[in-house]
Amino acid sequence: MPSYETFTDSDAAFAQAQLGRPMRGVAGVAYRCPAGHPGVLATYPRLPGGPPFPTTYYLICPNAVLAVSRLEASGIMAEMTAKLSTDPGLAEAYRVAHEAYLSDREALAREIGDEVPEIAGFSAGGMPTRVKCLHALVGHALAAGPGVNPIGDEALALMGDFCPEATPAGEETSSDD
Ligand SMILES: [Zn+2]
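Position in the sequence shown counted from 1, then plus 1217, gives you the numbering used here.
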């Protein structure tokens, strides 16, 4: 089951500052950074009347996004994908992570009375057999906690202290409050 905190007005303002537009369809904050801003947003799989939205765990912390982008640029996703074909234990854990992701999304879909058949069986980030987007996998790992998404956990270990409390992300709230 997904668990998340209330998405407050100040969280919404933070998300909008990162995206340049309002973030819609948010179920709640699935991970909050030590500095207090949202790190990962849990999203509903569809806005009313709209297309499916498959990124159930949306990485919003700008420090995390930057750290993940650097990792992706290092070419590590090809190594991780290769490891999935040579390490059966890892491959199985990754498949279980895929199922967990789908299960969380199904719970969110039930909250809005929708089944979102268009993306049934399709999770995110390349799961269950490839590594295509570490932003999605890190988002899942942060939301679910350690031990659920092995590739996301590995990426997080490489990212280190990506968003320390002493270095709040963004400049937009620092001057006039
Ligand atoms: Zn952060």
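Cβ atoms here follow ideal geometry from the backbone N, Cα and C, with glycine treated the same way.
What residue range does the alpha helix (DSSP H) around residue i cover?
i, result
"Pro1279", "Pro1279 to Ala1290"
"Ile1293", "Ile1293 to Thr1303"
"Gly1356", "Leu1351 to Ala1361"
"Pro1367", "Pro1367 to Met1376"
State buried or exposed for residue i, treating a residue as buried only when at least 16 other CB atoms are found within 10 Å of its CB.
i, result
"Gly1256", "buried"
"Phe1339", "exposed"
"Phe1264", "With the sequence shown as reference, residue 1264 is identified as Leu, and Phe is not the correct amino acid for it. Looking at its Cβ environment, which holds fewer than 16 other Cβ atoms inside 10 Å, Leu1264 is exposed."
"Ala1284", "buried"
"Gly1219", "Sequence inspection shows Pro at residue 1219; the Gly mentioned does not correspond to that position. Buried, since its Cβ has 16 or more Cβ neighbours within 10 Å."
"Ala1299", "exposed"
"Met1374", "According to the sequence shown, residue 1374 is Ala rather than Met. Answer is exposed; the Cβ neighbour count stays below 16."
"Ala1230", "exposed"
"Ala1361", "buried"
Check the DSSP bridge columns for residue i and list the partner residues they point to.
i, result
"Glu1222", "Val1246"
"Leu1258", "Val1246 and Tyr1275"
"Tyr1269", "As written in the sequence, residue 1269 is Pro, which differs from the Tyr given in the question. Per DSSP, Arg1263."
In whole angstroms, what is the alpha-carbon distance linking residue i and residue j?
i, j, result
"Ala1317", "Pro1367", "12 Å"
"Ala1323", "Gly1343", "Correcting the residue identity first, residue 1323 is Glu in this sequence and not Ala. Using only the alpha carbons, I get a separation of about 18 Å."
"Thr1272", "Val1355", "12 Å"
"Asp1393", "Ala1252", "Unreliable placement is indicated for Asp1393, whose pLDDT of 42 sits below 50; the coordinate value is still reported in the next sentence. Spanning the two alpha carbons is a distance of roughly 18 Å."
"Ala1337", "Arg1347", "18 Å"
"Glu1335", "Ala1247", "24 Å"
"Ala1310", "Pro1345", "9 Å"
"His1357", "Gln1235", "19 Å"
"Val1365", "Asn1280", "22 Å"
"Phe1379", "Ser1286", "12 Å"
"Met1240", "Glu1289", "24 Å"
"His1254", "Thr1223", "12 Å"
"Pro1262", "Arg1327", "10 Å"
"Ala1308", "Ala1341", "15 Å"
"Gly1267", "Val1333", "10 Å"
"Tyr1275", "Glu1371", "18 Å"
"Gln1233", "Met1376", "25 Å"
"Leu1319", "Pro1381", "30 Å"
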